[in-house]
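**Student:**
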Amino acid sequence: MNTTQHKAYGAKTKDANLEPMQIERREPGSDDVKIEILYCGICHSDIHQVRNDWKNSVYPVIPGHEIIGKVTNVGTNVSRFSEGDLVGVGCMVDSCQECDSCKKDLEQFCENGATFTYNSEDKHLGGHTYGGYSTGVTVNQDFVLKVPENLDAKATAPLLCAGITTWSPLSTWNVGKGDKVGVVGLGGLGHMGIKFANALGAYVVMITTSPSKAEDAKRLGAHEVLLSTDEDAMKSHTGTFDFILNTVPVGHDINPYINLLKIDATMVMVGAVEPLEAVNGAGLIMGRKRVAGSLIGGIKETQEMLDFCGEHNIVSDIEMVDMQEANSAFERVVNADVKYRFVIDMASLKN
Ligand code: NAP
Ligand code: ZN
25 MNTTQHKAYG
35 AKTKDANLEP
45 MQIERREPGS
55 DDVKIEILYC
65 GICHSDIHQV
75 RNDWKNSVYP
85 VIPGHEIIGK
95 VTNVGTNVSR
105 FSEGDLVGVG
115 CMVDSCQECD
125 SCKKDLEQFC
135 ENGATFTYNS
145 EDKHLGGHTY
155 GGYSTGVTVN
165 QDFVLKVPEN
175 LDAKATAPLL
185 CAGITTWSPL
195 STWNVGKGDK
205 VGVVGLGGLG
215 HMGIKFANAL
225 GAYVVMITTS
235 PSKAEDAKRL
245 GAHEVLLSTD
255 EDAMKSHTGT
265 FDFILNTVPV
275 GHDINPYINL
285 LKIDATMVMV
295 GAVEPLEAVN
305 GAGLIMGRKR
315 VAGSLIGGIK
325 ETQEMLDFCG
335 EHNIVSDIEM
345 VDMQEANSAF
355 ERVVNADVKY
365 RFVIDMASLK
375 N
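Here this note's numbering is used: position 144 in the sequence shown is 168, and no number is missing along the way.
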């Protein structure tokens with residue numbers, strides 16, 4: 025198979041910094057789109073995977089699943105994309121397309137295993153897939169998204185993961201006008217959660233551990249800010265929330281948030297992919313409350329989210345960094361000090 029060389033940044037072990045690497049990408053087959061990567065967001069999942077927090081990393085890890093780029097070449101079967109188009113690639117680059125999940129547009133739950141953008145088996149070249157911290161990528165056309173041209177391209181990158189991961193639960197649970205919605209954790213996912221819940225007409229409460237983020241939360245669309253460390257404030261909101269979106273990236277005590285839910289209301293977990301502290305059954309039973317989970321979103325839903333963003337002028341609040349600054353950006357994300365998503369300018373890697 026013909027391949028081309030690309031510059032990339034990756035980590036060789038779980039304790040290593042990201043460093044420059046050279047990788048190969050396949051030349052487009054008949055169903056492929058070849059993309060020159062312009063921007064790539066830094067998701068907290070990139071850090072979890074580089075540091076092997078989920079115990080399934082394969083090295084080198086070349087992270088990045090919030091990719092925005094320009095099409096440079098397409099295969100013979102590709103008619104929806106052509107050279108020069110602005111496109112996005114999110115967390116998946118392939119799936120079986122035949123199982124029940126794929127047929128329901130839930131490729132993220134592909135019963136034969138979706139191919140994730142990095143750290144999945146590479147069915148074309150062997151080895152494992154490499155993500156967007158690189159100058160180019162080749163992707164099956166069904167996993168390439170159209171990006172609304174009216175939006176700032178750099179600030180659309182985080183929509184491909186932080187956007188769809190918060191959009192999907194809000195949409196699945198029909199959040200809208202008249203709902204009181206809590207978003208826990210003001211980082212990359214949380215800030216998109218606020219924007220979407222606000223745009224859908226909900227009354228939005230930012231639930232944060234960082235008093236310094238209160239003003240930003242309101243600017244982003246929160247109607248109220250609740251400090252989760254303030255017990256009295258938490259008590260005053262007991263039993264009042266219709267829906268809570270929890271983006272906290274580590275295992276933690278969710279009982280205080282369950283107390284905030286109304287009867288029959290749901291909290292959806294999207295952050296912690298690890299054991300949570302013990303849940304007191306009483307908190308769920310006394311109120312028929314629910315705790316659920318959600319994983320990114322399917323390709324059709326991702327396109328719907330991007331189109332909604334185009335119509336409502338929604339993008340992420342970003343800080344641009346050069347590829348060479350990614351290690352210090354990682355540190356700031358881990359310290360909950362990101363405002364509110366880092367995006368890598370891939371031009372810095374080409375020079
Ligand atoms: P992020 O930018 O680091 O934001 C996380 C926020 O959570 C922090 O800014 C902080 O907000 C809060 N937080 C951090 N540590 C905390 C702690 N110990 N206790 C309470 N709050 C804490 O991360 P992200 O990129 O939004 O990602 C969030 C999580 O979602 C990550 O674990 C990521 O891997 C996961 N993720 C899941 C999916 C999915 O499909 N389910 C998709 C993408 C990412 P405050 O300062 O406001 O408290
Ligand atoms: Zn992500």
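C-beta: ideal position from N, C-alpha, C; glycine also.
Quick check for students: name the residue ranges of the beta strand (DSSP E) that lie wholly in the segment 197-273, counting only runs of 3 or more.
**Tutor:** The segment 197-273 contains these whole beta strand (DSSP E) runs: 204-208, 227-232, 248-251 and 265-270.
**Student:** With a threshold of 8 angstroms, are at least 3 pairs of Cβ atoms found where one atom belongs to the segment 116-130 and the other to the segment 179-187?
**Tutor:** The segment 116-130 vs the segment 179-187: no contact.
**Student:** Looking at Asp70 and ligand 2, is the gap between the Cβ and the nearest heavy atom below 8 angstroms?
**Tutor:** As a first step, residue 70 is located in the sequence shown; it is residue number 46 there, counting from the start. Answer for Asp70: yes, Cβ within range of ligand 2.
**Student:** When you compare the segment 186-197 with the segment 158-168, are there three or more beta-carbon pairs, one atom per stretch, that lie closer than 8 angstroms?
**Tutor:** Taking 8 angstroms as the limit for Cβ pairs, the verdict is that the segment 158-168 does not touch the segment 186-197.
**Student:** Going by Cα to Cα distance, which pick from Ile71, Tyr154, Asn136 and His148 is closest to Tyr142?
**Tutor:** The residue given as residue 142 occupies position 118 in the sequence shown. Nearest option by C-alpha distance: Tyr154.
**Student:** Please list, in chain order, all residues of the same chain as Thr37 whose beta carbon is under 8 angstroms from its beta carbon, the five residues on each side excluded.
**Tutor:** As a first step, residue 37 is located in the sequence shown; it is residue number 13 there, counting from the start. Cβ neighbours of Thr37 beyond the five flanking positions: Tyr83.
**Student:** Consider the C-beta atom of Lys242 and the heavy atoms of ligand 1; say whether any pair is separated by less than 8 angstroms.
**Tutor:** Along the sequence shown, one-based indexing puts residue 242 at 218. Checking the Cβ of Lys242 against ligand 1 gives no.
**Student:** Just confirm the distance between the C-beta atoms of Lys307 and Lys313, as a whole number of angstroms; I'd bet it's less than 8 angstroms.
**Tutor:** In the sequence shown, counting from the first residue as 1, residue 307 sits at position 283. In the sequence shown, counting from the first residue as 1, residue 313 sits at position 289. Correcting the residue identity first, residue 307 is Gly in this sequence and not Lys. So it is a contact: roughly 7 angstroms between Cβ atoms.
**Student:** Determine the DSSP secondary structure at Cys126, reduced to helix, strand or coil.
**Tutor:** Your numbering for residue 126 matches position 102 in the sequence shown. Cys126: helix per DSSP, three-state reduction.
**Student:** So, using beta-carbon positions, are Leu62 and Gly93 closer together than 9 angstroms?
**Tutor:** One-based indexing of the sequence shown puts residue 62 at position 38. One-based indexing of the sequence shown puts residue 93 at position 69. Closer than 9 angstroms, so yes.
**Student:** My output table needs one value for Asp166: the three-state DSSP class, helix, strand or coil.
**Tutor:** In the sequence shown, counting from the first residue as 1, residue 166 sits at position 142. It is helical.
**Student:** Alpha carbon to alpha carbon, how far is Gln348 from Ser81? Give it in angstroms, no decimals.
**Tutor:** Numbered from 1 along the sequence shown, position 57 holds the residue referred to as residue 81. Numbered from 1 along the sequence shown, position 324 holds the residue referred to as residue 348. Between Ser81 and Gln348, the C-alpha separation is close to 22 angstroms.
**Student:** Glu145: beta carbon under 8 angstroms from a heavy atom of ligand 2?
**Tutor:** Within the sequence shown, numbered from 1, the residue matching residue 145 stands at position 121. Glu145: no, Cβ never under 8 angstroms from ligand 2.
**Student:** Quick check: Glu255 and Ile278, are their CB atoms within less than 9 angstroms of each other?
**Tutor:** Residue numbering aside, residue 255 sits at position 231 when the sequence shown is read from its first letter. Residue numbering aside, residue 278 sits at position 254 when the sequence shown is read from its first letter. Result no, Cβ atoms of Glu255 and Ile278 do not sit closer than 9 angstroms.
**Student:** Just to confirm, does Ala186 get its C-beta within under 8 angstroms of one of the non-hydrogen atoms of ligand 2?
**Tutor:** Translated into the one-based positions of the sequence shown, residue 186 becomes position 162. Checking every heavy atom of ligand 2 against the Cβ of Ala186, one is found closer than 8 angstroms.
**Student:** Going by DSSP, what residue range makes up the beta strand (DSSP E) through Lys58?
**Tutor:** Here the question's residue 58 lines up with position 34 in the sequence shown. Taken as a continuous stretch (DSSP letters only), the beta strand (DSSP E) holding Lys58 covers Asp56 to Ile66.
**Student:** What's the gap between the Cα of Val171 and the Cα of Cys67?
**Tutor:** Numbered from 1 along the sequence shown, position 147 holds the residue referred to as residue 171. Numbered from 1 along the sequence shown, position 43 holds the residue referred to as residue 67. Distance between the alpha carbons of Val171 and Cys67 is about 19 angstroms.
**Student:** Are the beta-carbon atoms belonging to Ile59 and Thr96 less than 9 angstroms from one another?
**Tutor:** Looking up residue 59 in the sequence shown gives position 35. Looking up residue 96 in the sequence shown gives position 72. Cβ atoms of Ile59 and Thr96: closer than 9 angstroms.
**Student:** Can you name the start and end residues of the beta strand (DSSP E) that Thr28 belongs to?
**Tutor:** What you label residue 28 is simply residue 4 of the sequence shown in a count that begins at 1. Thr27 to Gly34 is the extent of the beta strand (DSSP E) around Thr28.
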